[in-house]
Amino acid sequence: MLAGIETSCYSNGMNISVVQLIKLGQKYLSLWPDKPELSQYFEDYRGVQSARFVCRYFPALAMFTFIMQLYVASGYPLGQGSISNALNALPQALVYGLFLISIPVQALVFSGVKADKLLPPSLASWYHSGLEKVQQQVAEQSQRNNNDNNNTAIAKLAKYKPRYIDLAQLLQLTFATTK
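The numbering of the sequence shown is full-length UniProt numbering, which starts it at 1 and goes up by one.
Structure (structure tokens):
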């Protein structure tokens with residue numbers, strides 16, 4: 001059902017399905033390095049951390065809320081339980097559970113939209129200068145180690161109009177090469 005829904009992306013003007021946005025959001029969240037020092041430089045760090053938290057814990061919270069709604073409404077904790085009481089509480093429990101399970105989906109969609117946005121000019125210039133530094137660093141390392149694996153990853157990042165997902169890839173590559 002969701003695959004047929006389409007929305008317009010900001011950077012390339014093409015239509016992208018909600019499922020593709022969710023996948024892009026997952027990729028964006030997985031690419032962004034988990035380094036607390038990034039919060040000083042990028043406002044997106046807090047958003048990424050919040051989205052990771054929501055995606056990790058809210059499905060379990062939704063299930064817990066659903067089960068507890070039914071359990072408490074059934075009357076069993078007070079010794080007066082019946083299945084009919086639990087069935088009467090089922091619609092309300094479903095609403096709470098569906099609401100809580102929709103929050104991680106929303107976080108992934110918003111992350112996908114953010115990942116597809118073009119970087120603002122100031123951040124784009126920082127991206128290009130950072131890319132040059134990483135290219136120099138990787139070139140020096142590959143000469144020492146005779147390894148060209150990182151060169152192909154850097155070549156993919158060299159774009160005229162970078163997006164936020166490209167920034168996340170550059171940051172991940174930067175932290176991977178500094179180890």
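Even glycine gets a Cβ: it sits at the ideal position worked out from N, Cα and C. These numbers come from a predicted model, not from an experiment.
| Item | Value |
| --- | --- |
| Top-ranked residue by Cα proximity to residue 223, from Glu140, Gln136, Ala168 | Only positions 1 to 179 of the chain appear in the structure, and residue 223 is not among them; the question remains open. |
| Bounding residues of the alpha helix (DSSP H) (the contiguous stretch that carries Ser74) | 44-74 |
| Of the residues Gln106, Gln92, Gln141, the one placed nearest Arg52, counting alpha carbons only | Gln106 |
| Where Lys114 falls, given that 16 or more other Cβ within 10 Å makes a residue buried | buried |
| Own chain residues within Cβ distance below 6 angstroms of Thr174, not counting five before or after | Val134 |
| Three-state class that DSSP yields for Ser82 in the structure shown | coil |
| Ile103 to Pro77 span [Cα, whole Å] | 30 angstroms |
| Where Leu118 sits in the DSSP three-state scheme | strand |
| Candidates Ser111, Ser82, Leu119, Gln137: closest to Lys27 by CA position | Ser111 |
| Alpha-carbon spacing of Glu132 relative to Ala124, whole angstroms | 12 angstroms |
| Extent of the continuous alpha helix (DSSP H) run through Ser30 | 18-31 |
| CA nearest to the CA of Gly130, picked from Leu119, Gly25, Leu171 | Leu171 |
| Of the listed residues Val18, Leu29, Tyr160, Val72, nearest to Pro120 (C-alpha basis) | Tyr160 |
| Distance, Ser39 Cα to Cys55 Cα | 20 angstroms |
| Other residues of its chain near Gly75: CB distance less than 7 angstroms, five sequence neighbours each side excluded | Gly81, Ser82, Asn85 |
| C-beta contact flag for Leu100 and Leu61 at 8 angstroms | yes |
| Exposed unless 16 or more other CB atoms sit within 10 angstroms - verdict on Ala176 | exposed |
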